[in-house]
Each structure stands twice: as C-alpha cells, then as structure tokens.
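Enquirer: I have a structure I would like to understand better, so I am pasting it below and will then ask my questions one at a time.
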Amino acid sequence: MRGARLGEIVATLGGTLDGDPDRTVERIAPLDTADGRSVSFLAHARYRGQLARTAAGAVIVAPALADDAPVGCARIVTADPYLYYARLTQWWAQRLRDAHGPQRHTSAQIDPTAEVADDASIGPLAVIGPGARIGPGAQLGAHVVVGARASVGSGTRLAPRVTLLDDCEIGARGVVHPGAVIGADGFGFAPDQGAWTKIEQLGAVRIGDDVEIGANTCIDRGALGDTVIGHGVKLDNLIQVGHNVRVGDHTAMAGCVGVAGSARIGAHCTVGGGAVILGHLKIVDHVHVSAATVVTRSILKPGQYSGVFPFDENASWEKNAATLRQLHALRDRLRALEKKP
Amino acid sequence: MRGARLGEIVATLGGTLDGDPDRTVERIAPLDTADGRSVSFLAHARYRGQLARTAAGAVIVAPALADDAPVGCARIVTADPYLYYARLTQWWAQRLRDAHGPQRHTSAQIDPTAEVADDASIGPLAVIGPGARIGPGAQLGAHVVVGARASVGSGTRLAPRVTLLDDCEIGARGVVHPGAVIGADGFGFAPDQGAWTKIEQLGAVRIGDDVEIGANTCIDRGALGDTVIGHGVKLDNLIQVGHNVRVGDHTAMAGCVGVAGSARIGAHCTVGGGAVILGHLKIVDHVHVSAATVVTRSILKPGQYSGVFPFDENASWEKNAATLRQLHALRDRLRALEKKP
Amino acid sequence: MRGARLGEIVATLGGTLDGDPDRTVERIAPLDTADGRSVSFLAHARYRGQLARTAAGAVIVAPALADDAPVGCARIVTADPYLYYARLTQWWAQRLRDAHGPQRHTSAQIDPTAEVADDASIGPLAVIGPGARIGPGAQLGAHVVVGARASVGSGTRLAPRVTLLDDCEIGARGVVHPGAVIGADGFGFAPDQGAWTKIEQLGAVRIGDDVEIGANTCIDRGALGDTVIGHGVKLDNLIQVGHNVRVGDHTAMAGCVGVAGSARIGAHCTVGGGAVILGHLKIVDHVHVSAATVVTRSILKPGQYSGVFPFDENASWEKNAATLRQLHALRDRLRALEKKP
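Chains as they are written, first to last, in this note's numbering: chain A, 1 to 341; chain B, 342 to 682; chain C, 683 to 1023.
Right, here's the structure in full:
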C-alpha cells in the first residue's frame, strides 16, 4: 500500500501539524519500535521517556508534551492523542480494505423471502433464513447464519461463522466476531420429580447500534421478554450473557465474563475479564467491576468493586488458605482475648 | 398466530379452570407486564404481591394462593404452577414452529454411507460423514457437522453450527445449541525433554437421552475410554468438559463451568456458573456447588458447597486482601497472645 | 481393525519385550479395565497395586517395576512408560485413520489466487480466501475458513469449523480443534465523551510449529504488532488470548484460561484451568500457575503460584467470608492487644 502523507492525515482527522506535510508514513507503530517511516503516539504522560527516545518519523502528541519529541520528528498536536490514534487506525484500515464493491457470493443460501439490501455483501456459504432483513451496506462473512425474521442493521459487519438466530436483531454499524452466537435458548428448566422440564425460550435478543461482540461470545434469547443490549456496548470474546439480561448503553466487558439471567447492568459500566455477575441483580450506571470479581449482590452506588483472592507463592497460599477456613473461629478467639481483664 | 382458548389449554395440560373457557390469550407474560390478553403464572409465594396487582387475563396459580388473583382474572389452578408454565411454553412453542414436514436441503453434503431416517430434517450446508446415523425425527440445522460413524438419536435437535465429531453419539430428544463441539481431543500430552508429546485421544463421547447442551460448550472425547454424559443432563453455554469425565443423570451446570479431566460427578447435582472442578475428583449425588466455587477435593457428602471471595468496594478489598496474605502469621500472633499468662 | 503384534510395536517404538512377540493386542486400556487383548501401561509407581492385579495381555513398564506385573502378562520395558504410551497412541491412531490419499472436496470454495499444496486435503464447504497458502500435507476439515493471505504450515490439521482470519499464520505440524478463532480483533477502544471509539486492530497472529489449539479457543490479532504463540505451545479449549500477548515455547494452558492483552508469558510455563492473567504483565520461564488463580502482578521468579478461595460447606464458607470483610480491622484489634502491657 502507498504511504500516507502527514498533510493528508491532518486534513482528514484534524490536529495541528508541526512538520513537513509531504512527509509520508507507511505504518502506525508504538514509540519503542517505530522507525522513520512510522507514525506513533503518546497516550499517557508516563511514556514520556519513550517519546524522547523514539525513532518515529511522526508522533501524535498533546500540546503540553509536544516539546519532548526528538528533533526531526514531526508532531501532530491534538488534545486527545489516544482518541486521535483510534481514528487514525480506522482511516488506515479503511485504506487497507479491498476496494471492491458489494458482493453476493453465488454459494450463499438466501431464502427468497429474505430482504437483502442491494449494496449488502454476502459471503460464501452464508445462510439467510425466511423473512430475514439485511440492511444497506451490511457485510456478512463466510458461513454466517441468519435465522428466520432476524434483522441486521445498516453497515453492520458479521464476521465469518457468526450465528444470529430467529427473530433476533442487531442495529446499525455493529461488528460481530467469528463464532458469536446470538439468540440461543436461555437456560431455563422447571424441576419435575428429580428431572428437568424445559422452559421454551419465547423471547429474542435486541441489540442496539454501534455494538461490538467478540468471538465465541453467547447472548441468550429471553424466556418471555427479550434480552436487551444497549447502544455502544462492547463485549469481548467468550462472554456469556444469560436470558433477559439488560446491558445499558456504552457498557464494556472484557473477555470470559459471565452474566447470569435477568441481571440488569447499567450504562457506562466496565466489567473486568473473568468476572461473574449473578442473576437477578441490579447494577447501577458507572459501576466498575474488577477482573475475576464475583458479584453476588446488587450494586447501587457507582464506584470500583473488587473481590479476588491475592495470589502468592504456593506454599504461602496454602498456609493462608488453610487458616482462612478457621477465620470465623479466630475472630471469636480474638474477642475472647479482648474481653479478658 | 391465533390466540389460545383457556379451555384448550386445560384440556391439553390439565389443571382446574376457574374462569371462562372461551377466553383467549395471545401471549405468556410475567405478572408485572401481563395485560388482559396474557396468561401469567405465580411461581413463588414471594411474588404474591404482584399477583394481586396483575392485569393478566389469566394466571396459573397454586390452590392456596388462587384467591389472591384480582377479580376478573381467570385462574388455572394446579399444584405446581412453575412446572405447568414450563409445559405451557412447550405447547406454545410447538404451535409457533413452522408446520412444514421434514426437509433435506439440497446443499447438504451427506455421505452416501450415512443412514439418515426418512423423516429427519437436514439444514442447508450440513455435512454428514461416512457411516453416521441420524435417527427418526432428528433435526439438523444449517452448517451442522456430523463426523464419521457418529450417531444422533431420534427427535434430537442440533442447532446450526453444532459439531459432533467421529464416533460420538447423542441419544434421543436432545437439544444442542450453536457452536457446541462434541468430541474434540482431550488435552493429553506426555512431557519429553521440555517439550510435549501428544497422547492421541482414542475414546469418544457418549451422551444419554433428554440432554441439553449450550452454545459453544465443549465436551472432549476420552483418552482411552469414553467421556459419558448421563440422561437428562442440562449444560449451559461455554462449559468445558474434559476427557473421561462422567456426569450423572439429571445433573445441571450453569454457564462457563470448567470440569477437568476424569472428574466423576454424581446424579442430581447442580453446579453454579463459572465454577471449576479439578480433575480426577469424585462428587457424589445431590451435591450443589455455588457459582464461581473452585472444587479442589472430592466431595463425598451431599450438600451445598461454596468458596468465593466476597466482593467489596475496591479500597476495602485491597486492605483485606493485603492482610489475607499475612493471615497465617496473624494466627500465630493470636496464639502467642493466648499463651501469655 | 486387525490387532497389533507386540513384536511389531517394539520394532517400531523401541523398548525391550519380555514376552511372546507374536502375541496380539487389540486395544490400549488402563490397568484396571484391561483384558487379555489389551496393552496397558504403568505411568506412576503409585498405581503399582493395579499393576499386580491387571488382566492386561501386555504392559508398558519401567525396569524397576517390571517384576510387579502378573505372571503371563507380557512386558514392554522402557525408561519412560508414559511417553512410550503417548507414542503408542500416535502409532495406533495412524493405523486407525482412513487410508485414503489427499482429497479436495468439490464443494470447497477456494479462491483462485490461493496456493494450495497438491497433497493438502480440503474438506467439504471449506472456504479459502485470496492469497492464502496451504502447505504440503495440511488437512482442512469441513467448514474451515481461511482468510485472505493467511498461511497454514505443512502437515497442520485444522478440524472442522476452525477460523483462521486474514494475514494470520500457523506453522508446521499443528492441530487446531473445532470452533477455534484465530485472528479476531483485539479488544481496543478509546474513550470519547462517554462512548467508545474503535481502535482497528492492524496486527495479526503468528503461531509457531507443533502447536495445538483447543475447541472454541480464541487468539486475537495484535493492535499494531502481532500476537505471538511460540513453538510447541499447547492450549486447551475455551481459552482467551488477548491482543499482543506473547506465549513462550512449550508453554501449556488448561481450559478456560483468560490472558489479557499484552501479557508476556515465558517458555515452559503451565497455567491451570480457569486461571486469569491480567494485561501487560510479565511472567518468566518455568512459572506454574495453579487452576483458577488470578495473576495480578508480574511473576519474575520461577515456581508454583496459587490464589484460590478454599471451598467449604456453605454455612462455614458464609461465616468465614463475612469475617474476611473485616479482616483488616481484626488485624488492627490484634495489634492493639499486642501493645497492651
């Protein structure tokens, strides 16, 4: 691919260029591995030392730190260099993407009653069910399965091997990664003399606009009502979202999180990797759950919440863990001592 | 879809109707969102307050609580309303399902040596290997892969993108959700001078009748013998079951559970979401493991077992976690105090 | 399948045969379920009692324990019986595999610009993108998706439904199990006034030789540089490996492990099932992390590390967990007592 002129970058993305607009860069790179053909960025002041030593041809930097860049390194000065970097990657990826128009592979199996926008792309061996709707500019990769009456919003991209089951819908400008399953049955059974009787899951999944869903992540359909994912939500890989869960706008969850059925999670929350949120809980807006924390009660106050056993060398852990099983008794012994005259 | 007459429901599912048998309902809904066209249910006495305020046209209710329903709300009186609700969802879902006969999509790749029952349905682009057997009334969704000599029991439903590998079998009336992988190699290697030599996994997976397996769940094939899942077992999404595990009849596991190789889990157990069961352990019947608990020893007595770090505001957690790393030393200091005269 | 002569086994795999070379065995079995047509093995001295009672026709055994085998049981004597057993399973599996030559299924969708070795096998409905390279002897199962410019090394086996996305590569002699996703986008977003702006992931995934990757495991592509998996690495099922992670040679991870972005894990490490490794950490060579442990800081010294809440009967756990939330205060009370004259 041809390189990008710095002048072209600032003309498109803004910022003030301190350097030669005709200088070209051929890749985006971190400060410490950048070379003269790279544009880099300083996301946090704590990497300031790397900035001073970088070999990058250009750097995206905040006004206060612009002077730290080495002599000869061009600067793109902007208030939020990390956000600028994000936008630059988008512009860059757009340039890299194959510039062919929309395509509909002949091997795709599209039900005649499905409504597929003329400029949607449908990959090889995709299957689109009866009554499904695929919006303008949507891109469906190889082996995507879209169920009956399911709906894909405009500009949304389903990577290869995504499954969107019957009656489920995702809004506009979404991205779903391979293997994600949207709309499998929620886990519901009534006990019956030692066996389990299935509760058919009659709801669906409704996903807002600008949502990203990671590889092999599962979002179950609701039992009666729907499972609802708000606008701008970002879910990483291998996440489980149970039936009838509600996730508020712009909430983000890292990999391997499990959210049990009917939990209601607010907007602008973050959930660290491997955390577990039990069912039927309420979590208000602006709550941040640390990685691997198990949320067993509702959280009604914004803030950061944690609960992880501190790891240690195995021998130390063994002694402390064994003592932990007597902790309540230790407390009683302490009380007894305190009461001694 | 046409509504259902209350008289038709009790004629099919039993119970005593206190109300007009010609009244029709169009959906099943929770008490708090039900309207006059909804049938609802009271699963637990603790929702009694909701019953008194519901706008539902009809409610499934136990005899002792039937009088709490509002005037004008029809009652279907039954000893176990939750079980009745489960059966109602099944009847309801059956009415909703497309009423076409068995279909075999022309794009499916079926090996000529596979035995497929005449009334089995095979979805688009499914692949069925040599010697596989697909039982009467089985339904295989789009993109299902069934390996050589694998077997699917009568009436079992494999959702789109399920993989059942060579020589593995699932019994009758099962449900497997998208992305589930049955019969991948167990994780077995012999150390060899710092590297790992693969132990080929020569066993298979045998699954009983009436089993449900969640989306993207994995059940590995055995190393020498088989991995065995009993009758009536229910596994949620994203569960890992290692090689040679045995799961007893009617045991249920919630999402994201990990069961390591050769664990033997009894019948009628429940395992909460995100729990981990280490390898080569034995768990007897009627054991209940709480969510996110790590089972590191065999459990030989029925009961409820737990082991989760209690979450807290981050600052409190940090202090307690730091102290926990000195817990054994604290115990010693307490002992020393106790010995003081 | 015809049985294997003991003489044939030692001629191929080495070891000293103490018994009749013309004796045949028909299966490999554990000591306790073996019969006269089985070959078994003694992996650890602690199973010595089983050896004395086994009905196996032949047993693989170390020199020091060979005399413990029952009279009439043939012995294959070797220094490392477990490694010998591993090699025997490989030889056995090779004999079981269908002995047909390489095949290219007519339903596969292979881009004309892809380079596929003549003796590679391509399964039904596989999709191979433009510019992809498939090495000699590689085997791609049904429904495999290989993206544009991706590369599969010689002899590597991709099971059905594996996804290897654009520009990613795996070396020689690898095994990847169904549903694995290699090269989905890493989880990267810049905050922007309460919403998230996507950072396009411009790197790829590079995987060495002799790597095994489990079912539904995900390895994300790098943000700028690549995610790198060393030679001989073994990853079990349902593992999440974030962007820009580096895993050193011959490291093994059990199921359900999560490794957050930019973590650097050394060579010859093991990570137990369900463990979580936070982002941007460094773990040196020869570190062993116990199952379900959460690694929150770098580990710079080889050894075994653990951090799991000990499980208990629920009532005991509840009391200890409640006390744990006051642990720091208890320490202060202990200090106060110690200071008393």
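We treat Cβ as the ideally placed atom computed from N, Cα and C, and that holds for glycine.
For the alpha helix (DSSP H) containing A/P81, list its first residue and its last residue.
Expert: Residue 81 of chain A sits at position 81 when you count from the first residue of the first sequence. Taken as a continuous stretch (DSSP letters only), the alpha helix (DSSP H) holding A/P81 covers 81–96.
Enquirer: Any idea which residues DSSP pairs B/F528 with across the strands?
Expert: The sequence position of residue 528 of chain B within the second sequence is 187, counting from 1. B/F528 pairs with nothing; no bridge assigned.
Enquirer: Ends of the alpha helix (DSSP H) at A/T12?
Expert: Numbered from 1 along the first sequence, position 12 holds the residue referred to as residue 12 of chain A. Where A/T12 is concerned, the enclosing alpha helix (DSSP H) stretches over 6–13.
Enquirer: Kindly indicate which residue of C/A974, C/V969, C/G689, C/P992 has the alpha-carbon position closest to the one of C/L982.
Expert: Taking the third sequence and counting its residues from 1, one reaches residue 982 of chain C at position 300. Of the candidates C/A974, C/V969, C/G689, C/P992, C/V969 places its Cα closest to the Cα of C/L982.
Enquirer: Is it the case that the region 184–192 of chain A contacts the region 560–578 of chain B, given that we only count it when at least three CB pairs across the two stretches are under 8 Å?
Expert: Verdict: yes, contact present.
Enquirer: Can you confirm whether A/I213, when its beta carbon is compared against all beta carbons of chain B, has any partner nearer than 9 Å?
Expert: Translated into the one-based positions of the first sequence, residue 213 of chain A becomes position 213. No - not a single Cβ of chain B is within 9 Å of the one on A/I213.
Enquirer: Taking one C-beta from the region 409–416 of chain B and one from the region 390–401 of chain B each time, how about it: are there three or more such pairs within less than 8 Å?
Expert: yes
Enquirer: Tell me, please, whether the CB atom of A/Q326 is closer than 9 Å to any CB atom in chain C?
Expert: Against the first sequence, residue 326 of chain A aligns to sequence position 326. By this cut-off, A/Q326 is an interface position.
Enquirer: Between B/V517 and the ligand NAD, is there a pair consisting of the residue's CB and a ligand heavy atom that are separated by less than 8 Å?
Expert: With respect to small molecules bound, the structure shown includes none, and the ligand NAD cannot be examined in it.
Enquirer: Select from the region 77–92 of chain A all residues with a C-beta closer than 8 Å to any C-beta belonging to chain C, and list them in chain order.
Expert: Cβ contacts with chain C come from D80, Y82, L83, Y85, A86, R87, T89, Q90, W92.
Enquirer: Which residues does DSSP list as the beta-bridge partners of B/H629?
Expert: Translated into positions along the second sequence, residue 629 of chain B becomes position 288. According to DSSP, which records beta bridges pairwise, B/H629 is partnered with B/T611, B/Q645.
Enquirer: So what's B/G390 in DSSP terms, helix, strand or just coil?
Expert: For the purposes of this step, residue 390 of chain B is taken as residue 49 along the second sequence, with counting starting at 1. Three-state result, B/G390: helix.
Enquirer: Taking all protein chains shown into account, decide if B/S639 is buried (16 or more other Cβ within 10 angstroms of its Cβ) or exposed.
Expert: As a working note, residue 639 of chain B is residue 298 in the second sequence. The residue is exposed, with fewer than 16 neighbouring Cβ atoms inside 10 Å.
Enquirer: Whole alpha helix (DSSP H) runs in the region 884–916 of chain C with 4 or more residues, listed along the chain?
Expert: Whole alpha helix (DSSP H) segments, 4+ residues: zero.
Enquirer: Less than 9 Å between the beta carbons of C/G830 and C/G811, yes or no?
Expert: By one-based count along the third sequence, residue 830 of chain C stands at place 148. By one-based count along the third sequence, residue 811 of chain C stands at place 129. The question names Gly, but residue 830 of chain C is Ala in the sequence shown. Cβ atoms of C/A830 and C/G811: closer than 9 Å.
Enquirer: Check whether the Cβ atoms of B/G613 and B/D561 lie closer than 9 Å to each other.
Expert: Position 272 of the second sequence, counted from the start, is the residue given in the question as residue 613 of chain B. Position 220 of the second sequence, counted from the start, is the residue given in the question as residue 561 of chain B. For B/G613 and B/D561, no; Cβs fall outside 9 Å.
Enquirer: Is the Cβ-Cβ distance between A/V401 and A/V211 less than 9 Å?
Expert: Residue 401 of chain A lies beyond the range of chain A shown here (1 to 341); nothing can be said about it.
Enquirer: Less than 8 Å between C-beta atoms, sequence neighbours within five positions excluded: which residues of the same chain meet that for B/A384?
Expert: Taking the second sequence and counting its residues from 1, the one referred to as residue 384 of chain B is at position 43. P422, Y423, Y426.
Enquirer: Tell me, please, which residues DSSP counts as bridged to C/A756.
Expert: Within the third sequence, the letter at position 74 stands for residue 756 of chain C. BP columns for C/A756 point to C/A740.
Enquirer: Excluding the 5 residues flanking B/V351 on each side, which residues of the same chain have their C-beta closer than 7 Å to its C-beta?
Expert: Position 10 of the second sequence holds residue 351 of chain B. Leaving aside the five residues that flank B/V351 on each side, the residues in its chain whose CB is nearer than 7 Å to its CB run, in chain order, L358, I417.
Enquirer: For a cutoff of 9 Å on Cβ pairs, would you count C/H913 as touching chain A?
Expert: As a working note, residue 913 of chain C is residue 231 in the third sequence. So no, C/H913 is outside the interface.
Enquirer: Of the choices C/C850, C/H1010, C/T736, C/A746, whose alpha-carbon is the least far from that of B/A284?
Expert: For chain B, the structure presents residues 342 to 682; residue 284 of chain B sits outside this window and is missing.
Enquirer: What is the DSSP secondary structure of B/S381, counted as helix, strand or coil?
Expert: As a first step, residue 381 of chain B must be located in the second sequence, where it is residue number 40. In this structure, B/S381 counts as strand in the three-state DSSP scheme.
Enquirer: Of all the CB atoms in chain A, is at least one closer than 9 Å to the CB of C/T1005?
Expert: As a first step, residue 1005 of chain C must be located in the third sequence, where it is residue number 323. Judged by the 9 Å Cβ criterion, C/T1005 is in contact with chain A.
Enquirer: Cβ of C/V827 within 9 Å of Cβ of A/P178?
Expert: Counted from its first residue, the third sequence places residue 827 of chain C at position 145. Counted from its first residue, the first sequence places residue 178 of chain A at position 178. Yes; because the gap between Cβ atoms is below 9 Å, this pair is in contact.
Enquirer: How long is the line joining the alpha carbons of A/L202 and C/G989, rounded to whole angstroms?
Expert: Numbered from its first residue, the first sequence carries residue 202 of chain A at position 202. Numbered from its first residue, the third sequence carries residue 989 of chain C at position 307. A/L202 and C/G989 have their C-alpha atoms some 41 Å from each other.
Enquirer: Here's a check: name, in chain order, each residue in its chain whose Cβ is nearer than 8 Å to the Cβ of C/G937, leaving out the five neighbours to either side.
Expert: On the third sequence, position 255 is the one that residue 937 of chain C refers to. Listed in chain order, the non-local C-beta contacts of C/G937 below 8 Å within the same chain comprise G896, D918, N919, L920, I921, G955, G956, local neighbours out to five positions each way being set aside.
Enquirer: Would the beta-carbon of C/S836 fall within 9 Å of that of C/A799?
Expert: Within the third sequence, the letter at position 154 stands for residue 836 of chain C. Within the third sequence, the letter at position 117 stands for residue 799 of chain C. Yes; because the gap between Cβ atoms is below 9 Å, this pair is in contact.
Enquirer: Between B/L665 and A/H143, is the Cβ-Cβ spacing less than 9 Å?
Expert: The residue you call residue 665 of chain B lines up with position 324 of the second sequence. The residue you call residue 143 of chain A lines up with position 143 of the first sequence. Taking 9 Å as the Cβ cut-off, B/L665 and A/H143 do not qualify as a contacting pair.
Enquirer: For B/T592, count neighbouring Cβ atoms within 10 angstroms of its own Cβ and tell me buried if that reaches 16, exposed if not.
Expert: On the second sequence, position 251 is the one that residue 592 of chain B refers to. By the 10 Å Cβ count, B/T592 comes out buried.
Enquirer: Among A/R157, A/G19, A/A114, A/V152, which has the Cα closest to the Cα of A/D67?
Expert: The count along the first sequence starts at 1 and reaches residue 67 of chain A at position 67. Considering only alpha carbons, the answer is A/G19.
Enquirer: Considering only residues of the same chain and omitting the five flanking positions on each side of C/L906, which have a CB-CB separation below 7 Å?
Expert: Position 224 of the third sequence, counting from 1, holds the residue named residue 906 of chain C. Here the set comprises L884, G885.
Enquirer: What does A/N216 touch in chain B if you count any residue whose Cβ is under 8 Å from its own?
Expert: For the purposes of this step, residue 216 of chain A is taken as the residue at position 216 of the first sequence. What A/N216 touches in chain B: G520, N557, L579.
Enquirer: Would you mind sorting A/P160 into buried or exposed? The rule is 16 or more other CB atoms within 10 Å of its CB.
Expert: Start at 1 with the first residue of the first sequence, and residue 160 of chain A comes out as number 160. With 16 or more other Cβ atoms within 10 Å, it is buried.
Enquirer: According to DSSP, simplified to helix, strand and coil, what is C/T1005?
Expert: Taking the first residue of the third sequence as position 1, residue 1005 of chain C is located at position 323. Here C/T1005 carries a helix assignment [DSSP, helix/strand/coil].
Enquirer: Check each candidate in C/K1001, C/R728, C/A727, C/T706 and name the one with the smallest Cα separation from C/S720.
Expert: Here residue 720 of chain C is taken as the residue at index 38 of the third sequence, counted from 1. Minimum Cα distance to C/S720 is reached at C/T706.
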